[in-house]
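Quick notes on the structure that follows.
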Amino acid sequence: MMSFFATSEPSPYSLLRCFNHILHNDNVLFSSIILIWYMEASTILLLAFIPIFPSKSLLSTAIPTVYFRKMKLALLTVGLAGLAAANKLVIAGFGDSYAAGRELKEPIGERLRRRLKEEHGKDYDFKNMADVAATLPDIATKQAPQMQGRVPAVVYIIAGAAEFMYIDCLYEPWADYCFNNVTQQDFVHRYKMVLDTLLEISGFDEEIPIYVIEHIPAVNARMRCHLRHHICPWDHKQYKNILDTYQYLTDWTIIAFEQWRISHDNSKFTKVKIIPMREYGETHHLMDPKPWIHGGFEFLDQDAEGKDGIVWHPNKAGTDAMADYILEDMLR
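In structure tokens, the structure reads:
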């Protein structure tokens, strides 16, 4: 920092370089102070030239001087606001399209943020890193770096479906790729590495809750789907592919979680938890009165203005349920 000041000279070009520095620097307060220093130096330099050019009126130098002073005040205000924003507690969401909340008006983290603010007076930001078709390695290599060093206050993740191509199988359960994509050993290894990544971005803080959310189930063994059914248009074999794939996805997620907990001392990271949506969603399948996931073509035919979410993904009720389970646990 000292070398930056020592080698810098106030000039129009250095001022432009300083603006560029601010645009690419997350520390808004520090960047604003740098720019204020440049403007202060430029003002002093400008005033030093008044005796050399006596024909110039004081007004011609007073205008930029006053302007610079106003700019400095504005920059300091922005810097302090940036510091406050940077220090605000963050809810961080990771994972695949179930976590991302595709086309939902209020994804999991946003509902959680709103309820914490409105009902409990707690002010959080929400940062959604989850993305469509994200694999487990994507979370470590593409999503986690988006935190840019900020330590979250709450973390949740829904992941692993891309390894099985589970969501693709809901669309096309007859396809050869259903389930035949990953071994249990590979899946468990990848998931444990993701949990290590989440622990790392949390600064290994035992007090930061990390919620591993199971995918909401679409079907169960009691359902009677058939090709002409508007909610689950699958034959018996296709339906079995979907059910089996979901069970493997959930079972292996639990295995990975339990192995990870054992390797990291169960008594230490007690706030790393699973939210068992397979169990909680037992009465919320596609053909139940209050499903937590959108089914087939009946949803596509709905009026666009009433759309909240997409086919084969959690609907508003399912998303709200996941957020509410997190909130309930946080407030215990």
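So for the sequence shown, the UniProt record's numbering puts the first residue at 1; every next one is plus one. We treat Cβ as the ideally placed atom computed from N, Cα and C, and that holds for glycine.
Look at His285 and Pro233 and say whether their C-beta atoms are less than 8 Å apart.
Indexing the sequence shown from 1 puts residue 285 at position 285. Indexing the sequence shown from 1 puts residue 233 at position 233. No, they are not a contact pair.
Outcome for Asn241 when other beta-carbon atoms lying within 10 angstroms are tallied against a minimum of 16
As a working note, residue 241 is residue 241 in the sequence shown. Buried: at least 16 other Cβ atoms inside 10 Å.
Given 8 Å as the limit, is there contact between the segment 319-328 and the segment 105-125, that is, 3 or more CB pairs closer than that?
yes
Option nearest Thr253 by Cα separation, candidates Tyr191, Glu282, Pro289, Glu206
The count along the sequence shown starts at 1 and reaches residue 253 at position 253. For Thr253, the nearest C-alpha among the options comes from Tyr191.
8 Å is my cut-off, CB to CB: does Met165 come that close to chain D?
Chain labels in this structure do not include chain D; a single protein chain is all it has.
Helix, strand or coil for Ile201, going by three-state DSSP, please let me know.
Position 201 of the sequence shown holds residue 201. Reduced to three states, the DSSP call for Ile201 is helix.
Any 3 or more C-beta pairs closer than 8 Å across the segment 154-163 and the segment 210-224:
yes
What would DSSP say about Lys271, mapped onto helix, strand or coil?
Within the sequence shown, numbered from 1, the residue matching residue 271 stands at position 271. Three-state DSSP puts Lys271 in coil, outside helix and strand.
Determine the DSSP secondary structure at Val151, reduced to helix, strand or coil.
In the sequence shown, residue 151 corresponds to position 151, counting from 1. Here Val151 sits in coil by DSSP.
Classification of Gly281 by the beta-carbon crowding that lies within 10 angstroms, buried from 16 upward
To locate residue 281, count along the sequence shown from 1; it is residue 281. Buried, since its Cβ has 16 or more Cβ neighbours within 10 Å.
For the alpha helix (DSSP H) containing Asn241, list its first residue and its last residue.
Your numbering for residue 241 matches position 241 in the sequence shown. Looking at the DSSP string, the run of the alpha helix (DSSP H) that includes Asn241 is 236-263.
Which ranges would you report for the alpha helix (DSSP H) in the segment 163-224 if only whole runs of at least 4 residues count?
166-171, 184-201
Between which residues of its own chain and Val182 is the CB-CB distance below 6 Å, once the five residues before and five after are set aside?
Against the sequence shown, residue 182 aligns to sequence position 182. So the qualifying residues of the chain are Glu163.
Inter-residue spacing [alpha-carbon to alpha-carbon] between Ile139 and Ala130:
Numbered from 1 along the sequence shown, position 139 holds the residue referred to as residue 139. Numbered from 1 along the sequence shown, position 130 holds the residue referred to as residue 130. So the two alpha carbons sit approximately 8 Å from each other.
For the candidate residues Tyr248, Lys271, Ile231, whose alpha-carbon lies nearest to that of Tyr171?
Within the sequence shown, the letter at position 171 stands for residue 171. Nearest C-alpha to Tyr171: Ile231.
Quick one: Cα of Thr250 to Cα of Lys88, how far?
One-based indexing of the sequence shown puts residue 250 at position 250. One-based indexing of the sequence shown puts residue 88 at position 88. Using only the alpha carbons, I get a separation of about 34 Å.
Within its chain, find whatever has a CB closer than 8 Å to the CB of Pro291; leave out the 5 residues flanking it on each side and keep chain order.
In the sequence shown, residue 291 corresponds to position 291, counting from 1. Only His284, His285, Asn315, Ala317, Gly318 meet the Cβ criterion.
Leu89, DSSP secondary structure in three states
Taking the sequence shown and counting its residues from 1, the one referred to as residue 89 is at position 89. It is a strand residue.
To which residues does DSSP link Lys127 through a beta bridge?
Taking the first residue of the sequence shown as position 1, residue 127 is located at position 127. BP columns for Lys127 point to Ala92.
Please classify Leu331: is it buried, with 16 or more other beta-carbons within 10 angstroms of its beta-carbon, or exposed?
As a first step, residue 331 must be located in the sequence shown, where it is residue number 331. By the 10 Å Cβ count, Leu331 comes out exposed.
Nearest to Ala256 by alpha carbon, out of Tyr124, His294, Cys178, Val194?
For this step, residue 256 is matched to residue 256 along the sequence shown. Out of Tyr124, His294, Cys178, Val194, Val194 has the C-alpha closest to the C-alpha of Ala256.
Can you tell me whether Asp96 is buried or exposed? The criterion is at least 16 other CB atoms within 10 Å of its CB, across all chains shown.
Here residue 96 refers to the residue found at position 96 of the sequence shown. It is buried - the Cβ of Asp96 has at least 16 other Cβ atoms within 10 Å.
Any idea which residues DSSP pairs Pro145 with across the strands?
Your numbering for residue 145 matches position 145 in the sequence shown. DSSP lists no partner for Pro145.
Leaving aside the five residues before and after His313 along the sequence, list all residues of the same chain whose C-beta is less than 8 Å from its C-beta, in chain order.
Mapped onto the sequence shown, residue 313 falls at position 313. The residues are Ser97, Tyr98, Arg102, Ile167, Ile293, His294.
Which value, in whole angstroms, describes the spacing of the CA atoms of Leu15 and Ala100?
Against the sequence shown, residue 15 aligns to sequence position 15. Against the sequence shown, residue 100 aligns to sequence position 100. Confidence in Leu15 is poor, its pLDDT being 44 and thus under 50, which makes the residue's placement unreliable; the coordinate value appears in the next sentence. Cα to Cα, Leu15 sits roughly 40 Å from Ala100.
Using a Cβ-Cβ cutoff of less than 7 Å, which residues in the same chain neighbour Leu243 once the five nearest sequence positions on both sides are dropped?
For the purposes of this step, residue 243 is taken as the residue at position 243 of the sequence shown. Within the same chain, Leu243 has close Cβ partners Val219, Ala221.
In its own chain, which residues sit with a C-beta less than 7 Å from the C-beta of Ala144, not counting the 5 before and 5 after it?
Taking the sequence shown and counting its residues from 1, the one referred to as residue 144 is at position 144. Thr197, Ile201.
Close beta carbons around Ser3, own chain, < 6 Å, minus the five adjacent residues each side:
Here residue 3 is taken as the residue at index 3 of the sequence shown, counted from 1. The pLDDT assigned to Ser3 is 36, lower than 50, so where the model puts this residue is not dependable; a value taken from the coordinates is nonetheless given after this. If we look at Ser3 and ignore the five residues flanking it on each side, it has no Cβ neighbours.
Residues in its own chain within less than 6 Å of Phe225 by CB, not counting five upstream and five downstream?
Against the sequence shown, residue 225 aligns to sequence position 225. As written in the sequence, residue 225 is Cys, which differs from the Phe given in the question. Around Cys225: Cys232, Trp234, Tyr239.
Using C-beta distances below 6 Å, list every residue in its chain close to Ile274, excluding the 5 sequence neighbours before and after it, in chain order.
Position 274 of the sequence shown, counting from 1, holds the residue named residue 274. Here the set comprises Val212, Phe257.
Would you decide whether Gly309 is buried or exposed? Buried here means 16 or more other CB atoms lie within 10 Å of its CB.
Taking the first residue of the sequence shown as position 1, residue 309 is located at position 309. It counts as buried.
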